[in-house]
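Peer 1:
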């Protein structure tokens, strides 16, 4: 499966959280960078979270449950 988190690269870093490029990864829908989100918020929308959500749906369909 795959997951994605749509955003744009900001020219100004914002936020103290996260790591790597999080202060530059701007989420227009939320008007925040990834670094400005709490861990809980980030884990709900991250590409990894989306991939796991899709994987769970795939397993459910594949098992006929």
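Numbering (the working numbering), first residue to last: 5 to 69.
C-beta atoms are modelled at their ideal positions from N, C-alpha and C, and glycine is treated no differently.
What is the rounded straight-line gap between the Cα of residue 24 and the Cα of residue 52?
Peer 2: Residue numbering aside, residue 24 sits at position 20 when the chain shown is read from its first letter. Residue numbering aside, residue 52 sits at position 48 when the chain shown is read from its first letter. Approximately 16 Å between the Cα atoms of the pair.
Peer 1: Does the pairing of the stretch 30–38 with the stretch 6–19 give three or more beta-carbon distances under 8 Å?
Peer 2: yes
Peer 1: Which two residues bound the contiguous alpha helix (DSSP H) that contains residue 31?
Peer 2: By one-based count along the chain shown, residue 31 stands at place 27. Premise fails: residue 31 lies in the beta strand (DSSP E), 29–31, not in any alpha helix (DSSP H).
Peer 1: Helix, strand or coil for residue 63? Go by DSSP, reduced to three states.
Peer 2: As a position in the chain shown, residue 63 is number 59, starting the count at 1. Three-state DSSP puts residue 63 in a helix.
Peer 1: What residue range is occupied by the uninterrupted alpha helix (DSSP H) comprising residue 45?
Peer 2: The count along the chain shown starts at 1 and reaches residue 45 at position 41. Run containing residue 45: 43–49, per the alpha helix (DSSP H) assignment.
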